[in-house]
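Asker: Starting off with a structure, shown below.
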Amino acid sequence: MTRVTTSLVPTVRARGSSTGMRRVGAVLTSLWLPVLLVGIWWFATANSSSPFFPPLGDILVETWNQWVVLGAWTNAVVSLRNLFIGYLFGVLIGIVGGSLLWRLRYLRIAVNPIIYFLYVLPAPALLPAMIAIFGIGDMRQIALIALGSIWPTLLNTLDGMRGIDTVKFDTARGLRLGGWRTYTRLVLPGASPQIAAGMRASLTVGIVLMVVSEMVAANSGIGFFILQAQAEFAIKKMWTGILVLALIGTALNYLFVFVERRVLRWYYRSRALGSS
1 MTRVTTSLVP
11 TVRARGSSTG
21 MRRVGAVLTS
31 LWLPVLLVGI
41 WWFATANSSS
51 PFFPPLGDIL
61 VETWNQWVVL
71 GAWTNAVVSL
81 RNLFIGYLFG
91 VLIGIVGGSL
101 LWRLRYLRIA
111 VNPIIYFLYV
121 LPAPALLPAM
131 IAIFGIGDMR
141 QIALIALGSI
151 WPTLLNTLDG
161 MRGIDTVKFD
171 TARGLRLGGW
181 RTYTRLVLPG
191 ASPQIAAGMR
201 ASLTVGIVLM
211 VVSEMVAANS
221 GIGFFILQAQ
231 AEFAIKKMWT
241 GILVLALIGT
251 ALNYLFVFVE
261 RRVLRWYYRS
271 RALGSS
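Using UniProt numbering, you'd call the opening residue of the sequence shown number 1 and step up by one each time.
Below, the structure is given as structure tokens:
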């Protein structure tokens, strides 16, 4: 027995090292292109004298000065607060609305033209109407973010629920599951991968609308900071806002993927087993 246990140790170690190498390889694969592009940007602008394309090193120094020393980070806090509230409302409405449309067929048929009309309507075009309804405060920005975040989540929720195999519903009826238990134990888990995809698309839309809403009739936020710097012809200051916005968007995207991988771990494991 001791021999068998001892012989398994090298195998376990080999598998662990192989898994570690795969993770390192995945990280390097995802990082090489951004590192290359940043390097090209750095060397291409190193000796730049153009006021519109300053050296990347100068932009990084100005970013530290503006966003850390001078306290421009408060604009990021305002933007993230509005984004979080608007995105949360939009996603909740999208999931609940998609569930109702899946459950109520006649309601789905009746509102289908309206939903697709609102889906293809550019949300920034509604900004004047939002200002007229909500004024120029944060509520107008939150409402616009929420409105734009609804549709990707709603449509993906509806498609995900409609795509569940009917055999699973027959099994649920055979097990005498009620409507609510069928919804929570079958419908939501079955549609959750597609719901997550819709939520990720809603996050992208929400970030765009966050910036757009802050560029009109606002007095704070990243979009306001960028537009104000452009109006002052402070180009390096403007680039710092763009850089901070890109970093925030990237961080939020990776955070979403991290949470999604943990919540839907069962789904990714089943996919990995199915492909092996």
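Each residue gets a CB set at the ideal place from its N, CA and C atoms; glycine is no exception. Source: prediction; values computed, not measured.
Report the residue from Trp42, Ala76, Gly71 whose alpha carbon sits nearest the alpha carbon of Asp58.
Answerer: Per the Cα distances, Trp42.
Asker: Can Pro54 and Trp180 be called in contact, C-beta distance under 8 Å?
Answerer: No. Outside cutoff.
Asker: Can you tell me where the alpha helix (DSSP H) holding Arg173 begins and where it ends?
Answerer: Note, Arg173: alpha helix (DSSP H), 166–174.
Asker: Less than 8 Å separating the beta-carbons of Leu147 and Gly90?
Answerer: The answer is yes: Cβ separation under 8 Å.
Asker: In whole angstroms, give me the CA-to-CA distance for Pro124 and Val69.
Answerer: When rounded, the distance between both Cα atoms is 33 Å.
Asker: Nearest CA to the CA of Asn75: which residue from Gln230, Ile226, Leu273?
Answerer: Closest option to Asn75, Cα to Cα, is Ile226.
Asker: In the DSSP assignment, the alpha helix (DSSP H) including Gly249 goes from what residue to what residue?
Answerer: 235–263 is the extent of the alpha helix (DSSP H) around Gly249.
Asker: Where does Ile136 fall in DSSP's three states?
Answerer: The answer is coil: DSSP assigns Ile136 none of H, G, I, E or B.
Asker: Near Trp102, which residues of its chain fall below 8 Å by C-beta distance, leaving aside the five closest residues on each side in sequence?
Answerer: Excluding positions up to five away in sequence, the list reads Arg108, Thr157, Leu158, Met161, Arg162, Val187.
Asker: Going by C-alpha distance, which of Ala251, Leu264, Ala191 is nearest Lys168?
Answerer: Of the listed residues, the one whose Cα sits closest to Lys168 is Ala191.
Asker: Between Asn82 and Ile145, how many whole angstroms is the CB-CB distance? I'm expecting something under 8 Å.
Answerer: With a Cβ gap of about 6 Å, Asn82 and Ile145 count as contacting.
Asker: Write down the C-beta distance between Ile136 and Ala217 rounded to the nearest angstrom, noting that I regard them as a contact closer than 8 Å.
Answerer: That pair is a contact at about 4 Å.
Asker: Using only the alpha-carbon positions, how far apart do Tyr268 and Asn219 sit?
Answerer: Taking the straight line from one Cα to the other gives about 44 Å.
Asker: If you run the structure through DSSP and keep just helix, strand and coil, what is Val4?
Answerer: For Val4, the pLDDT reaches just 48, beneath the cut-off of 50, and the residue's location in the model is therefore unreliable, although a value from the coordinates is still provided. Reduced to three states, the DSSP call for Val4 is helix.
Asker: Kindly indicate which residue of Trp266, Leu92, Gln230, Val120 has the alpha-carbon position closest to the one of Pro51.
Answerer: Per the Cα distances, Gln230.
Asker: Whose C-alpha, out of Leu243, Ser213, Phe233, Thr29, is nearest the C-alpha of Leu60?
Answerer: Nearest option by C-alpha distance: Leu243.
Asker: The alpha helix (DSSP H) with Pro55 in it runs from where to where?
Answerer: Unbroken run through Pro55: none, as it is neither H nor E.
Asker: Which value, in whole angstroms, describes the spacing of the CA atoms of Val24 and Leu126?
Answerer: Taking the straight line joining both Cα atoms gives about 46 Å.
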